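Chemist:
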Amino acid sequence: MDHSRGRKHIDATLPIPVVSIGIPVNREAVYSVDSDFEGMARNMLDKAYALGHRHILLTGLVAPAFVDGSNFIVRIAESIRDYCEELGIELTVGFTARDTMADIRLMLDEAFAADPKISLAIVESSASTASPLTMGLTERGLRVPEDVSLMVCAAAGNPSMAGRLRPDEMPMNPNATCRRAVEVMVEVLSGKPYPKGSVEFTPVEYRARGTLVPYKK
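Under the UniProt record's numbering, the first residue of the sequence shown carries the number 1, and numbering increases by one thereafter.
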């Protein structure tokens with residue numbers, strides 16, 4: 001859904017309860033269920049910070065969706081940005097509109113020009129980006145994870161790198177979120193008290209595969 005969904009007045013007039021998968025800005029008239037993207041950002045960045053990473057690249061095939069205001073893409077990016085600021089981590093953002101090697105090379109050129117000390121790349125939402133990103137880093141003489149660590153977040157799961165093991169990730173779990181949204185609807189219809197405007201988060205898990213390693217000076 002759009003991050004600034006403008007259906008507040010429509011939802012408020014409906015004679016039935018409305019459960020939103022995702023959190024609209026105007027959520028007072030609905031019940032919201034979504035993945036815990038803020039918790040996802042903190043989990044990833046806490047691990048990265050503990051391993052010494054202070055210069056991070058946030059990338060992914062999300063440029064058009066981000067411009068359009070896609071809810072979860074905006075939320076995870078904002079959560080990463082805010083927590084990096086809180087931790088004192090230098091964050092460089094380099095979203096792409098395509099996964100071609102030309103786009104990846106250009107993005108990496110601009111990112112490393114902005115911050116030559118990048119030691120960790122986080123791919124947001126687009127698991128397919130992991131492979132060309134790995135190849136682009138290799139072209140620059142940077143190995144994953146020996147020189148640059150790699151993580152994938154808020155994707156559908158099962159990302160792969162070119163000729164390598166799958167990267168560390170925190171995937172979305174849409175099945176759990178949708179299942180919980182249906183449960184909330186059933187509970188509300190059965191009379192269980194839920195305040196309108198309530199928000200419930202479904203947890204996400206970290207899957208370690210060895211591509212997040214300690215920072216080496």
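For glycine and all other residues, C-beta sits at the position ideal for the given N, C-alpha and C. Just so it is clear, the structure is predicted and the values come from calculations on it, not from any experiment.
Give every residue of the same chain whose Cβ lies closer than 8 Å to the Cβ of Ile76, excluding the five residues on either side of it in the sequence, and list them in chain order.
Modeler: Here the question's residue 76 lines up with position 76 in the sequence shown. For Ile76, where only same-chain residues beyond five positions count, the Cβ hits under 8 Å are Phe37, Met40, Ala41, Glu124, Ser125, Cys153, Ala154.
Chemist: Taking Ile118 as the reference, which of Phe72, Met185, Asn173, Arg54 has the closest Cα?
Modeler: Here residue 118 corresponds to residue number 118 of the sequence shown, with the count starting at 1. Of Phe72, Met185, Asn173, Arg54, the residue nearest in Cα terms is Arg54.
Chemist: Name the residue from Pro64, Ala65, Ala48 whose alpha carbon lies nearest to the alpha carbon of Leu57.
Modeler: Residue 57 sits at position 57 when you count from the first residue of the sequence shown. It is Ala48.
Chemist: Leu57 lies in the beta strand (DSSP E); which residues open and close that run?
Modeler: By 1-based counting over the sequence shown, the position of residue 57 is 57. Counting along the chain, the beta strand (DSSP E) containing Leu57 begins and ends at 55-60.
Chemist: Among Leu61, Ile16, Gly52, Ala208, which one has its Cα closest to the Cα of residue 224?
Modeler: For residue 224 there is no data in the structure shown, the boundaries of the chain being 1 and 217.
Chemist: Is it right to say Cys84 is buried, meaning 16 or more other beta carbons lie within 10 angstroms of its own, or is it exposed?
Modeler: Counted from its first residue, the sequence shown places residue 84 at position 84. Cys84 should be labelled buried.
Chemist: Which class does Met151 belong to by DSSP, given the choice of helix, strand or coil?
Modeler: One-based indexing of the sequence shown puts residue 151 at position 151. It is a strand residue.
Chemist: Please classify Lys216: does DSSP put it in a helix, a strand, or coil?
Modeler: The residue given as residue 216 occupies position 216 in the sequence shown. Of the three classes helix, strand and coil, the one that applies to Lys216 here is coil, per DSSP.
Chemist: On the three-pair Cβ rule with 8 Å, is the region 24-35 touching the region 195-213?
Modeler: As far as the Cβ criterion goes, the region 24-35 touches the region 195-213, which means the pair count is three or higher.
Chemist: What does the alpha-carbon distance come out to for the pair Pro15 and Thr177?
Modeler: Your numbering for residue 15 matches position 15 in the sequence shown. Your numbering for residue 177 matches position 177 in the sequence shown. Roughly 24 Å between the two C-alpha positions.
Chemist: How many angstroms separate the CA atom of Gly136 from the CA atom of Pro145?
Modeler: Here residue 136 refers to the residue found at position 136 when the sequence shown is read from its first residue. Here residue 145 refers to the residue found at position 145 when the sequence shown is read from its first residue. The straight-line gap from Cα to Cα measures roughly 13 Å.
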